[in-house]
Structures are given as C-alpha cells and as structure tokens.
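Those sequence lines, one after another, are chains A and B.
So for the first sequence, numbering that gives the first Met the number 0 puts the first residue at 0; every next one is plus one.
So for the second sequence, numbering that gives the first Met the number 0 puts the first residue at 0; every next one is plus one.
Beta carbons: idealized from backbone N, C-alpha and C, even for Gly.
The structure presented is a predicted model; accordingly, all values stated were derived computationally and were not measured.
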Amino acid sequence: MAFRVLLADDLYFMRMVQKEVLEAKGFQIVGEASTGTEAVDMYQELSPDIVVLDITMPEMNGLEAMKRIFAFDPDARIIICSAIGQQNLIVNAINSGIKDFIVKPFKPERLLSAINKALKE
Amino acid sequence: MSFAGLDDKKLLRAFLEEAEELLEKLNDNLLQLEKDAGNPDSINEVFRLTHSLKSESALLGFTRLSELAHRLEDVFDSIRAENLTLSRPLMDAIFSASDLIHEIISRISSGQTDTQIDTRSVIGELKQLAGLGLESEPEEPVETALAVAAASASGELPLKAFHRSLISEALERGEKIYTLTVRVAEEAELKYPRAYLVFNNLEMIANVIQTSPNMTVPQDDRLYERLVLLLSSDLPEERIVAACDVDLIEEPDLEVLDQKRIDELLSRREDGARTVVRTSGSARIESTSVRVDTNKLNEIWQLVGELTIYKAQLSRLHDRLSRRGGNESMKGEVERASDSLERITAEMQQAIMGTRMVPIAVLFNKFPRLVRDLSRKLGKIVELEIQGKDTEIDRTIVEVLSDPLTHIIRNSLDHGLEEPEQRRKANKPEVGRISISAQQQGGKIVIEVADDGRGLDVDKIRKKAGIGSEITDEEAVQYIFSPGFSTKEDVTDLSGRGVGMDVVATRIREDLKGEVEVRSESGSGTLIRILLPLTLTILHSLVISCAGYQYAIPVQDINETVKVTRQNISIQGENEFYDYEGQKVPLLRLDSVLLGPTDENSRIGQENNGVVVEQRRGRVCLLVDELVEEEDLVIKPISELLNHRRLFSGVSVLGDGRIIFVLDTARIIEIIESGGFDGF
C-alpha cells in the first residue's frame with residue numbers, strides 16, 4: 000500500500016514540485032496545507048504516515064504546527080523544510096522529535112531519501 | 000499570545016513573580032561564580048534557573064527571552080560537562096545576557112512584549128565566546144583531533160572526571176562502552192544540524208558520554224563533517240548503527256572498547272580548571288508588583304483573623320444592647336459600626352485571600368512535559384488532558400501538592416498505563432489517556448487524576464494488606480493509602496524513588512488537611528481523587544455547646560443538623576443508631592467522648608440536637624446540647640499536650656475571647672469505624 004503523505008507549504012509551486020516527485024515514486028499525497036493551522040487540522044483528520052512541513056508559513060509557522068501535531072500524536076513522522084539561515088530552528092525541531100530536515104532549495108533525491116529513511120523505522 | 004483559554008493575565012502575573020525571584024537567584028549565583036568560577040553548585044543552579052526561564056517564557060510566547068535563556072542554558076550545560084571553562088570575556092557576555100533578561104522582563108511587566116528587544120548581538124557574543132572557550136583549551140585542540148584520523152577514535156575525546164564517572168557507572172550497570180564515528184556527507188549544506196540529528200537519535204537510545212566536536216554549543220559548521228561519540232549502552236550494536244541511518248550520513252564506524260581501552264580512558268590525566276573574576280551590578284526590575292515574604296503575608300492574615308474576632312464581639316454587644324432596650328440612637332450607631340466593620344473585614348479577608356491564591360496552572364503546566372518525557376522513556380503512547388487550569392488555590396497548598404501530584408501522575412504512567420502492545424491485545428486504543436482536572440466544589444478543591452490503564456490489582460492488595468472477603472473491592476483498594484503499605488519491591492526507577500502512595504496520602508491528609516481516595520476498575524483504569532480545603536487558615540465553622548463547653552465543627556464536614564428523638568433512634572447491642580435518610584448512622588454522645596461517660600449523658604430528652612458529619616470513611620451523628628452559631632474561625636495549630644487523643648484539628652478564639660477547640664471529625668469517624676469508642 001502506498002504511504003500517505005501530507006504536504007504543508009505556503010507556496011503552491013513548492014507543493015506542486017514535491018507532489019510530482021513523490022507521486023512519481025508511488026507515494027499518495029493525501030492533503031496539501033498552505034498554513035500551519037491547516038496542517039494541524041489536516042493531520043488530525045487524515046492521520047498521514049508522514050508530513051513534510053515548511054518552517055515559514057503564514058497564520059501559524061511550521062514549528063508551532065509541529066508542536067501541535069506532536070501534542071496530538073507524539074509518534075508523528077515529520078520532516079521539516081528549512082532555509083539555510085534557520086540552523087537554530089532546526090536544532091529545536093530535532094529536539095522536539097522530527098525525523099529529518101531538508102534544506103531549500105533541495106534536489107528531488109533529498110526529499111525522497113529523507114522520506115524513505117524516516118518511514119523505515 | 001493566548002494560552003488555551005486560560006486567564007492570561009493571571010498566568011503572566013505568576014510568571015513575572017517567579018521570574019523576579021529567579022533573576023535574583025541568577026544574579027546571586029553569577030556573582031558567586033565570579034569569585035569561584037568552578038563552584039559546581041552555582042553552575043548547576045544557573046543551569047537550572049536558565050532552563051526554567053527558557054521553558055516558562057516559551058510557554059507564554061516570549062520567544063526572544065526564551066531563546067536568550069536557552070543560549071545561557073547551553074553555555075552552562077557545557078560548563079557543567081566541563082567542556083567549557085568560564086573565561087573572563089565569557090563571564091562578561093553572560094552578565095550582559097543576564098542584564099538583557101532583566102530588561103526584557105521589566106518590559107514585559109510594564110505590559111510590552113519582548114519583540115522590540117534585539118537579542119542578536121548578545122547571543123552572538125555568547126556563542127562566539129562559548130566556542131572560543133573551547134578552542135582555547137590546549138588539551139583538546141579540535142583541528143589536531145580531526146587530523147589524527149588514524150588514531151583510535153576514543154583518543155580524540157576530551158574526558159574529565161565527570162565523564163570518567165559516567166563510564167564507571169555505565170560499567171557497573173553492565174553496559175558496554177562504544178566509540179562511534181559518524182561522517183556527514185560533503186554535500187550536506189548544514190552539517191551541524193545533521194550531526195545533531197544523529198546525536199539526538201543516539202541520545203534517545205543510548206547514553207552519550209562525550210562528543211567531539213561539542214554538540215551542545217555549535218561551532219564552525221565545517222567542523223561537523225566528522226563526529227566522534229563516546230557511548231554506553233546495553234543495546235545490540237545494530238540498534239546503535241540503525242540510529243545513524245539518516246539521509247546524508249555515511250555508514251558509521253562502531254567500536255566496542257575492551258577493558259584495556261577503558262582503563263586507558265579512565266586513567267587519562269585531566270586538566271585543572273581556571274578561575275576568573277569579574278564585578279558587576281545588574282538592573283533592578285521596576286514593576287507594579289512587589290514581592291512580599293509569605294511570612295509577612297501570613298502575619299497580616301492572622302491580624303485580619305483577629306479583626307474578625309472583634310467584629311463578632313461587636314455584633315454580640317449590639318445584640319445585647321438591642322435586647323436591653325433604651326438608647327435607640329446609640330443602638331443604631333453601634334449597629335451601623337458593626338455592619339461596616341463586618342463588611343470591611345469580609346472584604347479584607349477576600350483581598351488577602353486573593354494574594355494567597357494562584358491559578359493551579361502554575362502546577363499543571365509542568366505535566367505535559369513530564370508526561371511526554373516519561374512516556375517516551377517508557378515506550379508508551381499517552382494523551383494528556385488537562386482541565387480546570389484556572390482554578391485558584393492557596394499558594395502554600397500548591398507548594399506542598401506539587402510532589403504528591405507529580406508522583407501520582409508518574410505512577411499512572413509507569414504502573415497504570417499498559418504498553419501499546421498489551422493495550423492492543425486488551426482491545427483498547429493504543430494511545431493511553433491520562434486526564435488531570437481541578438475544580439472548586441463548595442469550600443473544597445477537587446483534583447482528579449484518571450487513567451485508562453490496567454487498574455489496580457485488588458487481589459495483590461488484599462494479600463499484602465492481609466484483608467479478607469468481608470471488605471469490598473472498593474474499600475480494599477483504599478489500602479494503598481495506608482501507612483506503610485508500599486514496600487521496597489514496588490520501587491522502580493521511575494515512580495519508585497522510595498515513595499509510595501501511602502506517603503502521598505499522608506502528605507495530603509496531614510500536611511494539607513485533605514482527603515484522597517481511589518477508584519479502580521480492573522482492566523479499565525484508575526481514578527485518584529484529592530479533596531483539598533481552599534485555604535488552610537480560615538474555616539467556616541458551626542459552634543456547638545456540649546456539657547457546658549463550646550466546640551467548633553467545620554461546616555464543610557457537616558451533612559445536616561437534625562433533631563434526635565426517641566422515635567428516630569434504634570439500639571443494637573450497646574450501640575445506638577440514628578435513623579438518617581433510611582440509613583442507620585452511629586449516634587455518638589459527644590460529651591461522653593470528650594469528658595468520659597457519666598449517668599447524666601445517657602438520657603435522651605424529647606428533642607435533642609444532632610449534627611450529622613460525613614467523611615470518606617463514613618458518617619456519624621454527634622449528639623450535642625446546643626447549636627450556637629456559625630463563624631469564620633482562624634485556625635491555629637493545637638499543642639500535642641492538649642490533644643493526646645487527636646480529637647481536635649486545631650484551636651481558635653471566639654468573639655468573646657474564649658478559646659474553642661475544632662473537632663477533627665475524620666478522626667472521630669475513624670475511631671468509631673474501628674470500634675474505638677466503647678458503647679458509643
């Protein structure tokens with residue numbers, strides 16, 4: 000059965016790229032959130048196998064969304080998308096329990112490899 | 000930032016009050032460290048203080064403050080692990096950080112947020128110096144360490160006494176000692192966070208004793224191409240290697256250290272600490288709140304208490320005057336004065352009571368983190384629900400309650416909730432639930448901790464307590480609260496620590512004048528209910544007279560006052576019972592209990608006054624002479640000498656200056672239930 004992925008990024012373009020890369024490898028995109036609030040709601044509704052969460056999002060940022068998702072499901076598999084200057088935020092997210100992080104801009108294989116390794120556990 | 004519907008202002012006030020105290024301690028300890036840079040107590044204390052400040056400010060959404068505190072915490076974590084020495088410039092930077100924290104908090108207390116304050120330069124300085132501090136230690140030159148790739152990995156690790164003791168302890172626990180070398184792929188853009196991801200994964204499953212480079216205080220990103228870790232663990236090697244299976248991390252090298260290598264590590268010479276000195280003052284916080292010594296507050300509280308005595312005296316005087324007739328204008332004046340005094344003292348009591356009350360959130364807010372950390376450690380999945388955070392409770396009660404409540408929650412997690420596997424087998428959802436709630440019910444605070452775990456093992460409790468089938472399951476489980484019930488066998492690493500539920504109960508019953516009870520259903524969960532008085536010092540009481548003396552009964556213990564006649568009592572053997580709502584309640588002649596049996600007290604007239612009191616263990620109807628009045632009594636502790644049978648819970652002074660004893664109804668019921676009063 001295909002793994003179910005939730006994508007959360009405020010940029011439609013970003014989600015589209017991720018979606019294409021993942022669907023080509025047989026993943027099922029079950030939801031696309033454009034704000035942190037949406038990401039949290041969709042997570043609770045859809046219980047996906049993994050979430051790709053962008054740090055910078057309107058309404059509620061990715062880190063806050065991450066915290067709420069973990070509060071709802073401590074075993075959530077979350078991969079954070081970050082920019083190069085967000086080293087401290089990444090470390091905080093690691094402490095909270097994210098599986099991995101990818102640094103933008105990234106090559107498709109980074110996303111795939113991070114997701115595959117995170118799902119292996 | 001809003002916090003789950005809670006009264007933000009109250010939470011903020013509690014935070015500011017605590018922050019002020021915390022900053023004072025922080026300053027004291029930093030000054031201490033100036034004189035004695037290696038002082039481990041001060042280092043630990045500063046670490047602890049910055050850690051609390053970090054979490055609390057993060058909770059309230061003060062992210063800048065939280066980050067600043069976090070950086071300080073990291074620095075002191077490194078110092079604590081002896082990875083970093085307090086140099087003079089570092090000490091300077093720490094003081095500027097502490098001054099900035101003062102400034103931020105004083106802004107917050109004047110109603111602003113922390114967003115206008117720039118923390119970057121101070122944080123930058125702190126980071127740089129913390130990094131520099133490391134590099135300046137000649138014993139562990141990082142570049143050299145990286146160059147000597149051929150040498151055994153463990154040789155690179157800077158080891159201090161602290162690490163050596165960690166190694167010895169691990170060996171005593173029967174764990175193996177490993178060195179692990181991890182390489183971050185060259186194309187990884189952020190090497191430190193990537194190395195940190197592996198480090199964090201390893202910390203979850205093993206004990207990381209030391210790393211090179213340092214992981215707590217980030218240094219130049221390029222240094223993290225290669226990370227060497229010293230670990231102890233009892234897990235198989237493949238589990239450790241699996242923790243490194245992360246994108247952009249190459250296949251790691253894991254080496255088990257043999258005795259010879261361990262001996263080498265343990266005997267390596269250590270370098271001495273350096274001392275630095277600095278003088279500094281620090282900013283004071285100007286805010287609308289003042290911190291007052293609780294003792295002073297208690298003093299005012301007692302004084303208001305005495306005022307209520309005179310208030311009562313004045314109203315008696317007024318009653319006497321009005322009965323006597325005569326000067327009407329004077330009577331009116333006394334009446335008005337008496338009314339005003341009554342109103343003012345009541346308001347004063349309320350106001351001072353307010354200073355003692357804090358939202359129970361200050362206590363409850365610790366639990367999400369506790370539950371999260373523990374459930375991870377135990378491999379359990381837990382959902383925590385908290386209700387009634389804004390319930391107000393006496394500050395002194397909160398202080399005493401913290402430990403027992405924490406213990407109850409630990410117990411639920413450790414013993415109550417099953418592992419996910421077991422839950423699945425039992426047809427329960429994998430996610431266990433713990434709910435904590437607080438609410439005010441009348442004059443009491445009710446706190447409940449419930450879990451949907453396996454419930455208590457009644458048979459085991461019966462066996463251990465030596466009780467038979469004459470006692471219902473419901474009553475049998477209460478034995479977990481009996482003194483001396485817990486034994487060493489029950490002590491686990493987590494919730495044990497030598498404290499059992501009996502100790503929890505003693506603390507709640509004796510120190511808090513509260514009640515604790517448990518309900519449990521095998522297979523479906525346990526509920527622990529704690530009943531606490533709102534405050535420990537004022538009790539609304541019913542004054543009764545009995546054989547010429549007056550006594551007080553706390554109104555919260557009273558079910559009802561009744562008329563006892565020959566028609567509604569029955570006799571069984573030597574004992575009399577009052578027929579209360581179709582139930583036979585033991586009838587107790589208070590005078591015979593307090594003064595000893597006499598012929599006088601065996602007579603029951605046409606109609607006698609009875610007070611039905613109720614406690615967890617049961618009910619009793621106290622036969623008294625007269626119901627005098629209701630009064631707010633300021634309760635003071637009673638001397639052991641006057642209370643050798645422990646029938647009284649305290650002593651107070653009445654409006655007319657007479658001393659009055661407060662009956663301990665729980666104790667009286669306990670004695671009756673255990674057949675203590677002969678022919679009550």
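Cβ shell of residue i (< 7 Å), same chain only, five flanking positions each side left out
i               : result
N38 of chain B  : Q31, L32
D631 of chain B : T307, I537, H539
R666 of chain B : R645, L646
I460 of chain B : A475, V476, Y478, I479
E224 of chain B : R182, V183, K190
E72 of chain B  : F46, T49, H50, K53
Y195 of chain B : M214
Assigned secondary structure, residue i (DSSP; H/G/I helix, E/B strand, else coil)
i               : result
V430 of chain B : coil
T344 of chain B : helix
F576 of chain B : strand
S286 of chain B : With a pLDDT of only 37 at S286 of chain B, under the threshold of 50, the placement of this residue in the model should not be trusted; the figure read from the coordinates follows. Coil at S286 of chain B, not helix or strand.
M41 of chain A  : helix
T210 of chain B : strand
F647 of chain B : strand
L158 of chain B : coil
S33 of chain A  : coil
A437 of chain B : strand
L626 of chain B : strand
E447 of chain B : strand
Q680 of chain B : Residue numbering for chain B in the displayed model covers 0 to 679; residue 680 of chain B lies beyond these limits and cannot be assessed.
K487 of chain B : For K487 of chain B, the predicted structure reports a pLDDT of 43, less than 50, and the residue's modelled location is therefore unreliable. The matter cannot be settled from this model.
D113 of chain B : coil
N558 of chain B : strand
Counted within 10 angstroms of its Cβ, other Cβ atoms place residue i as buried (16 or more) or exposed
i               : result
R109 of chain A : buried
V121 of chain B : buried
E55 of chain B  : buried
A92 of chain B  : buried
Q209 of chain B : buried
E218 of chain B : Checking the displayed sequence, the identity of residue 218 of chain B turns out to be Gln instead of Glu. Label assigned to Q218 of chain B: buried.
T178 of chain B : buried
A23 of chain A  : exposed
T507 of chain B : The question names Thr, but residue 507 of chain B is Ile in the sequence shown. With 16 or more Cβ atoms within 10 Å of its Cβ, I507 of chain B is classed as buried.
Residue i versus residue j - alpha carbon distance
i               : j               : result
G60 of chain B  : A242 of chain B : 33 Å
E575 of chain B : L587 of chain B : 8 Å
S468 of chain B : F480 of chain B : 19 Å
G25 of chain A  : K190 of chain B : 30 Å
M0 of chain A   : I104 of chain B : 53 Å
Y11 of chain A  : E31 of chain A  : 9 Å
F105 of chain A : L118 of chain A : 19 Å
A345 of chain B : K8 of chain B   : 25 Å
N76 of chain A  : Y42 of chain A  : A quick correction: the sequence has Arg, not Asn, at residue 76 of chain A. Between R76 of chain A and Y42 of chain A, the C-alpha separation is close to 11 Å.
A449 of chain B : L526 of chain B : 4 Å
G61 of chain A  : A57 of chain B  : 16 Å
T560 of chain B : G609 of chain B : 6 Å
Same chain, Cβ closer than 8 Å to residue i, neighbours up to 5 away in sequence not counted
i               : result
L511 of chain B : I396, V399, L400, L531, P532, L535
L45 of chain A  : R3, L5, V29, G30
T390 of chain B : P358, I359, A437, Q438, Q439, I444
Interface residues of chain E facing residue i [CB-CB closer than 7 Å]
i               : result
R109 of chain A : This model lacks chain E altogether; the protein chains it does include are A and B.
Own chain, CB closer than 6 Å to residue i, minus 5 neighbours either side, in chain order
i               : result
S95 of chain B  : V121
P88 of chain B  : L128
M347 of chain B : V303
E613 of chain B : N558
E628 of chain B : V542
K562 of chain B : E606
I446 of chain B : A437, I529
R163 of chain B : L265
Quiz item: Quick check: the segment 39 to 47 of chain B against the segment 9 to 22 of chain B, are there 3 or more CB pairs under 8 Å?
Solution: no
Quiz item: For the 8 Å Cβ check, are there 3 or more pairs between the segment 167 to 176 of chain B and the segment 214 to 232 of chain B?
Solution: yes
Self-check item: Touch test, the segment 454 to 462 of chain B against the segment 517 to 529 of chain B, Cβ-Cβ under 8 Å, three pairs minimum
Solution: yes
Exercise. Take every Cβ of the segment 583 to 597 of chain B, pair it with every Cβ of the segment 625 to 641 of chain B, and state whether three or more of those distances are shorter than 8 Å.
Key: no
Quiz item: Counting Cβ pairs closer than 8 Å, one from the segment 503 to 516 of chain B and one from the segment 398 to 416 of chain B, do we hit at least three?
Solution: yes
Quiz item: Are the segment 363 to 380 of chain B and the segment 333 to 353 of chain B touching by the rule of at least three beta carbon pairs closer than 8 Å?
Solution: no
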